[in-house]
Amino acid sequence: IPFVGEAYLKAWRLSGEKACLDAAIEVADALIRGQLESGGWSSSFDLAPEGRSRYAYRVDADAAGQDAQRKRNLTTFDDNKSQSAVMLLMHVDEALEFQNDRIHEAVDFALARMLASQYPNGAWPQQFSEPPDATQFPVKKAAYPQAWPRTHPQQKYISFYTLNDSNMSRIIDMLIEAHRIYDRDDCFQAAEKTGDFFLLAQMPEPQPGWAQQYNRDMHPVWARRFEPASITGGESQAVMKSLLTLYAFTGEEKFIGSLPQAIAYYRRSLLPDGRLARFYELQTNRPLYFTKDYELTFSDDDMPTHYAFKVGS
């Protein structure tokens with residue numbers, strides 16, 4: 466939905482047609498109706514009255530008889546969902562010169578709740594419903610676990626520090642845009658803090674790259690049954706681009722100091738066809754794959770086709 470709204474805005478900027486801007490405003494209004502009390506958006510939202518009763522939508526908070534504690538209220542950063550929604554609302558707000566109170570207030574609410582969800586080390590969860598208990602998330606440097614399971618551990622992963630699908634890089638983009646539009650230093654500081662997490666999350670030798678997700682001990686861990694504890698050749702590239710972006714904005718050498726080490730590691734990890742594996746085994750750096758039955762393997766002969774187990778470099 467946000468991408469449709471962005472397309473309408475682009476059409477308006479190029480054509481000057483008011484109908485295009487009106488359409489973007491309609492998209493923004495629909496997003497506001499799907500905004501959760503936690504501040505962001507789920508993977509989908511329901512506009513029908515009977516479906517809405519299951520969710521803690523912010524605009525319905527005053528409805529009689531609501532039991533907010535039992536309603537679905539998980540904001541998700543997965544697949545750029547909440548980040549793109551905030552981006553669209555900010556862009557419509559800017560186009561309207563901040564005169565639409567409903568849209569402007571929805572942006573303020575989203576940013577406030579999202580900033581409160583950032584972990585003490587600068588990371589972000591995949592999903593959240595309330596701010597984290599800071600005492601439960603110590604600031605640590607990434608490290609290799611003594612051992613890791615070779616089969617899926619069937620654990621919840623939404624609170625992990627999640628780089629998967631470039632979630633945190635998208636958050637940085639959103640926060641920098643909020644700083645540009647609203648001159649909000651708190652948003653830019655949160656973006657810098659995310660960069661500090663990227664520095665903490667870079668693994669030590671022999672694999673100075675990044676994992677797709679970490680637990681609170683800063684060990685790479687499993688997420689879904691085809692996402693093992695490993696070093697990733699995919700999301701790491703978005704991390705490096707974000708560090709370059711932060712360096713361009715701040716001039717702080719810390720954001721690029723370890724990039725040559727990471728680039729050298731990924732160059733020596735290239736597959737024969739010039740691509741990178743999505744997953745590399747911890748310590749050994751052997752590429753990891755899955756069979757169509759979701760058995761972890763070193764062979765790429767029987768991979769599922771719904772997921773990119775090899776990525777461009």
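Read in order, the letters of the sequence shown are residues 466 to 778 in the numbering used here.
Even for Gly, the Cβ is constructed at its ideal location relative to N, Cα and C.
Contact under 8 angstroms by Cβ, residue i with residue j
i: M639; j: V551; result: yes
i: Y730; j: Q678; result: no
i: T541; j: Q583; result: no
i: A688; j: F625; result: yes
i: Q500; j: R523; result: yes
i: S778; j: R751; result: no
i: F662; j: A773; result: no
i: L736; j: K706; result: no
i: S503; j: E595; result: yes
i: Y754; j: G698; result: no
i: A513; j: K536; result: no
i: A430; j: L479; result: Residue coverage of the chain in this structure runs from 466 to 778, which leaves residue 430 outside it and unanswerable.
i: E700; j: L628; result: yes
i: T756; j: I637; result: no
i: F720; j: G660; result: yes
i: P590; j: A599; result: no
i: Q667; j: A727; result: yes
i: A655; j: L580; result: yes
i: L791; j: K606; result: The shown model of the chain, from 466 to 778, leaves out residue 791, and the question about it has no answer.
Simplified DSSP state of residue i, which is helix, strand or coil
i: G530; result: Here G530 scores only 48 on pLDDT, less than 50, and its place in the model should not be relied on; the value that follows carries that caveat. Of the three classes helix, strand and coil, the one that applies to G530 here is coil, per DSSP.
i: T710; result: helix
i: R740; result: coil
i: V572; result: helix
i: Q601; result: helix
i: T749; result: coil
i: L479; result: helix
i: S486; result: Correcting the residue type first, residue 486 is Leu in the shown sequence and not Ser. DSSP places L486 in helix when its eight states are reduced to three.
i: K536; result: coil
i: Y647; result: helix
i: I696; result: strand
i: A472; result: helix
i: P779; result: The requested residue 779 is not part of the displayed model; the chain covers only 466 to 778.
i: Q500; result: coil
i: Q702; result: helix
i: T780; result: The first residue shown for the chain is 466 and the last is 778, placing residue 780 beyond what the model contains.
i: F653; result: helix
i: K757; result: coil
i: L640; result: helix
i: K606; result: coil
i: T659; result: helix
i: T541; result: strand
Cβ-heavy atom distance, residue i to the ligand MG, below 7 angstroms
i: D766; result: Questions concerning the ligand MG fall outside what the structure shown contains, since it holds no ligand whatsoever.
Rounded Cβ spacing between residue i and residue j (contact assumed at less than 8 angstroms)
i: P673; j: S723; result: 7 angstroms
i: G505; j: A575; result: 6 angstroms
i: I646; j: M555; result: 5 angstroms
i: P467; j: L553; result: 4 angstroms
i: R690; j: H617; result: 4 angstroms
Residue range of the unbroken alpha helix (DSSP H) whose run includes residue i
i: S624; result: Where S624 is concerned, there is no enclosing alpha helix (DSSP H), given that its DSSP letter is neither H nor E.
i: A560; result: K546 to A560
i: P685; result: Element bounds for P685: n/a, residue is neither H nor E.
i: A729; result: L724 to R733
i: E515; result: P514 to R517
Short CB-CB distance (under 8 angstroms) between residue i and chain C
i: D525; result: You won't find chain C in this structure, because it holds only one protein chain.
Three CB pairs or more closer than 8 angstroms across the region 550 to 567 and the region 492 to 502: yes
At least 3 beta-carbon pairs within less than 8 angstroms: the region 609 to 618 vs the region 632 to 647: no
Any 3 or more C-beta pairs closer than 8 angstroms across the region 760 to 768 and the region 710 to 728: no
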